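Working notes for the structure below.
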Amino acid sequence: MKNRLLFILLCALPLLLSAQSRPDSYYLPDNVSYNAAIPTPASVLGYQIGDWHVSHDQLVMYMRTLAESSDRISLEEYARSYENRPLLLLKITSPANQGRLEQIQQQHQANCDPERAGELDLNTVPAVLYQGFTIHGNEASGINAALMVAYYLAAAQGPTIEDLLNKVVILLDPCLNPDGAHRFSTWVNMHKSKNLTADPADREYDESWPRGRTNHYWFDLNRDWLLTQHPESQGRIRSFHRWKPNVLTDHHEMGRNATFFFQPGVPSRTHPYTPARNQELTHQIAAYHAKALDEIGSLYYSEENFDDFYYGKGSTYPDANGGIGILFEQASSRGHLQETVNGELSFPFTIRNQFATALSSIEATYGLRKELLEFQRDFYKTAKEEANRANTKAYVFHETQDPARLRHFIQLLQQHQIEVFVNKADARAEGKTFKGGQSYVVPVQQPQYRLIKSLFEPMTDFKDSLFYDVSTWTMPMAFNIEYAAMKGSVNKGKAVVIPSTLFSSSSKEIKSDYAYCFEWDAYYAPKLLNAILKSGLRAKVANEPFRAKTVAAGTVDFNRGSIAVPVQNQQLGAAEIQRLINEAANSSHVQVYGIESGLTPSGIDMGSPSYSTLKKPEVLLMVGDGVSSYDAGEVWHLLDQRYDMSLAKVESDRMDNIDLNRYTCIVMVNGSYGLIEKRGVTAIKDWVRKGGTLIVMKRALNWAKANGLAGFEYKTPKENRSKKSRAYGSRSRDRGAQFIGGAIFEAQLDLTHPLTYGYRRATLPVFRQGTTFIKPTRNKYASPLVYSDDPLLSGYVSKRNLETIKNSVSVVVSGIGSGKVICFSDNPNFRAFWYGTNKLFANAIFFGSTINNGTRERASSTKEEEEEEAAEGHHHHH
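In my numbering, the protein residues as written are 468 to 1345.
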């Protein structure tokens, strides 16, 4: 009892202790004894939890030490981050269960299969709880609490914990984002004072750009569970499906003036495919968290702010996979101590709340074990029944020009345990034809029915108009893959296995003494072109289609945007060119042809003036304060990881003192660019005038327009003229409903424009977040991408915004002098999974300089520029 009073006293007085170390008893329950043979975090790290922010290497060291000293823990490394840090999974359960982990996995997989679930005796199956911490690297109470949770599970003694460990397997993922967490711990530890300051203005609480939230390429990994574009997520999804956890917890932080949140979220914003029973169980689990936080006197709330809609977040992904996802949000001290409206918030206090709810989650999983296993079994059983009743029997899709995009799409489906088959017979669906043997089907009759539906079905009707994240993620649209819902019977062939024959590796050496040619359709064509230009070879882009005689493949039709590399008059000899082209073509999965003659049977000849000569791109990406690190990271990742291109990342406030002449292209992603000095603005304008290509996106358009680099007019939604007054309480909802948090719209392409080279269909699904709308341009050739009359494909948009977006312009080409300013009102590289629009961005980099100056929307009309343009128009036609 005395301990208990001391414990309550400690809780009530976080202020007295703010600058001092807390004893273990501040965190740990005192109603159990602890095994002295198990090392505490402090005994290994040399400091008490909460005194410093644990760095990732220290975390790994402690977890390895713990696993060696406890027979309740086995440890595996499930992935490596981009910075080569290990991602760990600790499998914590009784020593008896440790001997049958594989069997438990198999039981869980059987429970998710309606064919086999009936054979299981659920009384003998342990529940599985997956606990994940700190997917946002600067939300550090999680990773630090994970050390205490692991210690508690290894060291706590007594019949209760032993029974619990017999009936539950805890998968502890102590740090979901090693690179971001390491970046952040370095920052706060390096700015910590011996005498802690709680002043929020102190540098300790104000990280430098890009901050620690994201991974190496500045991606939000918490949005990547469904998209699986990064090694951290790919490894985690593999573990998830090996284990099929019943509950998954996801420990986050929010603003310092908040308290503590646990799910359920806003009831009206749960995804409609999530069964009601999921939310009932979430409520039951919530009672355990409330009890734990009541005991230590912490404030908390639920059913507000956060939601369970987007299946791509850690706390929602389980809801589409027979489990219960739980989000925790703790007010953040960011560093070690901060003033807040709730008094001073200390780092140890934030860790203790995360620790308390990690333990309440373990207790809830133990207490509700049977219900959770029954829910998992029924989730898949009812999915099967719903699939039987559904009108749609399968989704059919094809992509004949670009095997890479197709392959990445199928790979994504397979990571989520969705089976894909070859479509054997010709099929007609929704007015489209899909050829047998050249298209693929995803039958709905499979355990992942609900997830399949969420990935394929467009959604335009919503109960609610507010979303914590995107309102849609229709995958075939993201990949620009033509697809349809099939109502009739499905003629499925063999299952598609990747790696498979989807990439025909041209093992045949291609040889030509005249020229090499390749189409621009392939996703990795920019990678191939960059390799060619990097080696010093000259290459040209065809601005008109042609048909050519090839060395081994007869006559072949080449579209606009095809790349030609002549063999003669190059710096390298014919044999060296052949070796280089074949090697680069194989690593880029692009089909290259050897051309026999410069005279073509139809279309332009190989020496035609309708070719434009290309320069090797030298890209400068502006970064730093004011710039969206997400959008900048997407550009860095695309060029670095996918196209094998190097780029310079330069802070925007340095534009006045670097030599811009070495760059062909400057990229300004979404952001405000007020830090560019006057001299910097002048330098950029001079560089564009001399022929540079400036690419601006979203809010960077404001900067380009204000500085006379781009001409276009914004289109604004009609004001709501209603005289009726509105309730004060509805203001934030009214405002939120006018925001486009993420929806998909149809744009029409001008397929003759260099920015659309490599596209075959005249419409393209475009992802849009935010409300930058552009009016139709005065120059009729300046907008290669325009939203259609009836543009909404999927997602939520208000009526007012939908009216505004109709026939508005997605991309405008402007510029001054002989340079181009390419304005994207949307982000073509969204979260790295929007494969369908990446090519627009690549085209801006590679072909921007080839765009005819007479087709630009004029930025400003000084007399000399008009004369320049007139002169350009005379000797520049394609």
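A virtual CB, placed ideally from N, CA and C, is assigned to each residue, including glycine. Note that this is a predicted model, so its numbers are computed, not measured.
Please list the terminal residues of the continuous alpha helix (DSSP H) segment that includes residue i.
i: SER1327; result: Counting along the chain, SER1327 falls outside any alpha helix (DSSP H), and DSSP gives it neither H nor E.
i: GLY609; result: 608–622
i: HIS649; result: 645–657
i: TYR755; result: 743–763
i: VAL1094; result: Careful: VAL1094 lies outside any alpha helix (DSSP H) and carries neither H nor E.
i: PHE923; result: 916–923
i: ALA1171; result: 1167–1173
Excluding the 5 residues flanking residue i on each side, which residues of the same chain have their C-beta closer than 7 Å to its C-beta?
i: LEU589; result: LYS837, LEU840 and GLU841
i: GLU897; result: ALA951 and ALA952
i: ASN1305; result: LEU1105, PRO1295 and ASN1296
i: PHE474; result: Low per-residue confidence applies at PHE474: pLDDT is 44, beneath 50, and the placement is therefore not dependable enough to give any value.
i: GLY903; result: ASN890, LYS891, ALA892 and ASP893
Please classify residue i: is it buried, with 16 or more other beta-carbons within 10 angstroms of its beta-carbon, or exposed?
i: HIS718; result: buried
i: GLY781; result: buried
i: ARG1193; result: exposed
i: LEU766; result: exposed
i: ASN644; result: buried
i: GLN570; result: exposed
i: TYR1224; result: buried
i: SER1160; result: Here the sequence assigns Thr to residue 1160, which means Ser is not the residue at that position. The residue in question, THR1160, is buried, as its Cβ has 16 or more Cβ neighbours within 10 Å.
i: ALA504; result: exposed
i: GLY779; result: buried
i: ASP1066; result: The residue you asked about is not Asp; residue 1066 is Leu in the sequence shown. Counting Cβ neighbours within 10 Å, LEU1066 comes out exposed, since fewer than 16 surround it.
i: ASN1124; result: exposed
i: ASP1201; result: exposed
i: LEU472; result: Residue placement at LEU472 cannot be trusted, given a pLDDT of 43 that sits under 50; what the coordinates show is reported in the next sentence. Exposed, because fewer than 16 other Cβ atoms sit within 10 Å of the Cβ of LEU472.
i: PRO734; result: exposed
i: LYS711; result: buried
i: LYS1191; result: exposed
i: TYR777; result: buried
i: TYR529; result: buried
Here's a check: name, in chain order, each residue in its chain whose Cβ is nearer than 6 Å to the Cβ of residue i, leaving out the five neighbours to either side.
i: THR817; result: SER608, GLN797 and SER800
i: ALA1171; result: VAL1163, ALA1177 and VAL1288
i: SER1292; result: THR1239, ILE1241 and SER1277
i: PHE946; result: ARG872, PHE876, TYR1302 and GLY1303
i: LEU826; result: none
In chain order, what residues of the same chain have a beta carbon less than 8 Å from the beta carbon of residue i, not counting five sequence neighbours either side?
i: HIS1341; result: Here HIS1341 scores only 47 on pLDDT, less than 50, and its place in the model is too uncertain to base an answer on.
i: THR900; result: ASP893 and ALA894
i: GLU1063; result: SER979, TYR981, ALA1015, LYS1016, THR1017 and VAL1018
i: THR532; result: PRO506 and VAL511
i: ILE791; result: ASN713, VAL714, LEU715, ASN745, LEU748, THR749, ILE752, PRO785, LEU839 and PHE842
i: VAL635; result: THR560, PRO593, ALA594, VAL595, LEU596, ILE829, THR832, TYR833 and ARG836
Considering just the uninterrupted stretch of the beta strand (DSSP E) at residue i, what are its terminal residues?
i: TYR983; result: 982–985
i: TYR1317; result: Residue 1317 is actually Thr in this sequence, not Tyr. Premise fails: THR1317 is in no beta strand (DSSP E) and is neither H nor E.
i: PHE727; result: 727–729
i: GLU1144; result: No beta strand (DSSP E) holds GLU1144; DSSP gives it neither H nor E.
i: PRO1232; result: 1230–1235
i: VAL887; result: VAL887 -> no beta strand (DSSP E), and no H or E assigned at all.
i: LYS994; result: Not the beta strand (DSSP E): LYS994 falls in the alpha helix (DSSP H), residues 992–1001.
i: ALA1115; result: 1114–1118
i: ARG547; result: 540–547
What I want to know is whether the C-beta of residue i ends up closer than 7 Å to one or more non-hydrogen atoms of the ligand SAM.
i: HIS575; result: You won't find the ligand SAM in this model; it holds no ligand whatsoever.
Kindly identify the DSSP beta-bridge partner or partners of residue i.
i: ASP1024; result: ARG1014
i: GLY599; result: ASP640 and ASP717
i: THR900; result: ARG895
i: PHE795; result: HIS718 and PHE729
i: ASP775; result: THR737
i: PHE419; result: Past the edges of the chain, shown from 468 to 1345, lies residue 419, and the structure says nothing about it.
Comparing the C-beta of residue i with each C-beta of chain D, is any distance below 8 Å?
i: HIS865; result: This model lacks chain D altogether; it includes just one protein chain.
Subject >> At least 3 beta-carbon pairs within less than 8 Å: the segment 550–560 vs the segment 532–540 >> reply: yes
Subject >> Three or more C-beta pairs below 8 Å linking the segment 1004–1022 and the segment 1093–1109 >> reply: Contact fails: fewer than three Cβ-Cβ distances are below 8 Å.
Original post:
Are the segment 1314–1328 and the segment 1278–1285 touching by the rule of at least three beta carbon pairs closer than 8 Å?
Top reply: yes
Original post:
Is it a yes or a no for the segment 879–891 touching the segment 688–703, going by three-plus beta-carbon pairs under 8 Å?
Top reply: Output reads yes: the segment 688–703 touches the segment 879–891.
Original post:
Should the segment 930–945 be regarded as contacting the segment 1260–1278, the criterion being three or more beta carbon pairs within less than 8 Å?
Top reply: yes
Original post:
Counting pairs of Cβ atoms below 8 Å between the segment 1001–1014 and the segment 1074–1086, do you hit three or more?
Top reply: yes
Subject >> Meets three-Cβ-pair contact criterion under 8 Å: the segment 605–625 and the segment 575–587 >> reply: Fewer than three Cβ pairs drawn from the segment 605–625 and the segment 575–587 lie within less than 8 Å of each other, which leaves the two stretches out of contact.
Original post:
Would you call the segment 660–674 and the segment 843–856 touching, i.e. three or more CB-CB distances under 8 Å?
Top reply: no
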